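Residue numbers (the working numbering): 591 to 769.
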């Protein structure tokens, strides 16, 4: 049997008047128009690549690099979780996994793991001044994790997708207008 467009439209019109159709169609029509709900918080997350102590240190480090203020930070973006997941999935790149294991070993030797919040912030600041390789490694992947997350891309940068701009506003920073 061949079904025409007219048959499909007739069937859709009949289905729309069935009991319960309004609720179904409302739920169905809106499901494709919004982003999926955010997954539940990762409160009971079990690290896959790092041990619990290294994961806690990584989480603290990422939160120092991108703290929460009036916008979300690394905690809300789950940057440490992303890094852990990525490294767990990087079995084909053992050199990358080795660099991260060495980085966490270096942090442990510096006393980062057992330090309190003020000392940790001081250690990160010291490492940032010399662009320590461990600092750079964590900073690069943390920055990528943050700005590709919903918290970084949408809530912080206010990215709205590929929208049409009628005009380009240009740069409003006077220091960028110098030639």
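No residue lacks a Cβ here, since even glycine has one placed at the ideal position from N, Cα and C. Keep in mind that this is a model prediction, so the values were computed, not measured.
Within the same chain, 728 come within 6 Å of residue 651 by CB-CB distance, once the 5 residues on both sides are set aside.
When rounded, the separation of the alpha-carbon atoms in residue 738 and residue 661 is 15 Å. Separation of residue 721 and residue 715 (C-alpha to C-alpha, rounded to the nearest whole angstrom) is 10 Å. The shortest CA-to-CA distance from residue 677 to any of 596, 640 and 718 is the one to 640.
Comparing C-alpha distances from residue 743 to each of 765, 667 and 636 shows the shortest one belongs to 667.
Residue burial is scored here from C-beta neighbours: residue 637 has at least 16 other C-beta atoms within 10 angstroms and is therefore classed as buried.
Taking the C-beta atoms as reference points, residue 645 is found nearer than 9 Å to residue 674. Linking residue 698 to residue 689 through their CA atoms gives a straight-line distance of about 14 Å.
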